[in-house]
Amino acid sequence: MTIRQISNEERQSAYRHWCEHQETLRKHGGVSEEDLRLLAMMTQPNCFGYDIDKGEVIGVGPEAKWDLLEILKQSGAADLDVCMRLAGVSDAEMQAFNREMELHSAGIDSKNAAEVEMYEGMKSMSPVELDRTIAALETRLGLKPPR
């Protein structure tokens, strides 16, 4: 497997982005100076890239905030709300991510509206209704003969 190399230009651009983000957080409050120091430490230019052996653990571009969020959560240095603020992940983005993970865990393709609708309907069913629905689906698919 080939590891994508990050250019110095990309690395510096990512570093500038996180420095600006840090200043924005400082102006708007909601995080401590200690949290900001943690963010600064985790977003040094040598941290950006895809080679963990070199200490490069944060990608570049729009997905980098998710890498940073995971690292912050694993560090245990702050609660989830602070980690999200430091990583620049909004509540709406986190809800969308959690929803995507819920669907993925259930084996549902989030882009298939029919599957999502069926999943939502089944979530609200009583156990008896759910058993009937599953039995009907099994019969329709030929997995089980009709009763």
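Using our numbering, the first residue of the sequence shown is number 995, and each one after it goes up by one.
Backbone N, C-alpha and C fix where the C-beta goes; we use that ideal spot for every residue, glycine too.
Quick one: is residue i buried, meaning 16 or more other Cβ sit within 10 Å of its Cβ, or exposed?
| i | result |
| --- | --- |
| L1063 | buried |
| D1029 | buried |
| K1138 | exposed |
| C1077 | buried |
| T1037 | buried |
| A1058 | buried |
| M1135 | The sequence given here has Leu at residue 1135, not Met. The residue is exposed, with fewer than 16 neighbouring Cβ atoms inside 10 Å. |
| L1066 | buried |
| L1131 | exposed |
Closer than 6 Å by C-beta to residue i: which residues in its own chain qualify, once you throw out the five before and the five after it? Chain order, please.
| i | result |
| --- | --- |
| A1129 | none |
| E1004 | V1054 |
Return the residue from the list the options that minimises the CA-CA distance to residue i.
| i | options | result |
| --- | --- | --- |
| P1039 | A1008, S1099, A1108 and E1087 | A1008 |
| R1079 | S1026, N1002, S1120 and T1133 | S1026 |
| E1087 | W1060, A1108 and M1119 | W1060 |
| M1035 | A1081, E1111, S1001 and P1121 | A1081 |
| P1056 | S1120, R1134 and W1012 | W1012 |
Please name the residue or residues paired with residue i in a DSSP beta bridge.
| i | result |
| --- | --- |
| I1052 | F1042 |
Considering only residues of the same chain and omitting the five flanking positions on each side of residue i, which have a CB-CB separation below 8 Å?
| i | result |
| --- | --- |
| M1116 | L1124 and T1127 |
| H1100 | It is Ala, not His, that sits at residue 1100 in the sequence shown. Excluding positions up to five away in sequence, the list reads Y1113. |
| C1041 | G1049, E1050, V1051 and I1052 |
Among residues of its own chain, excluding the 5 on either side of residue i, which ones have a beta-carbon nearer than 7 Å to its beta-carbon?
| i | result |
| --- | --- |
| K1105 | none |
| V1110 | L1097, I1102 and S1104 |
Looking at C-beta atoms only, is the number of pairs between the segment 1094-1102 and the segment 1037-1054 that lie closer than 8 Å three or more?
-> no
Three or more C-beta pairs closer than 8 Å, one from the segment 1066-1076 and one from the segment 1047-1058: is that the case here?
-> no
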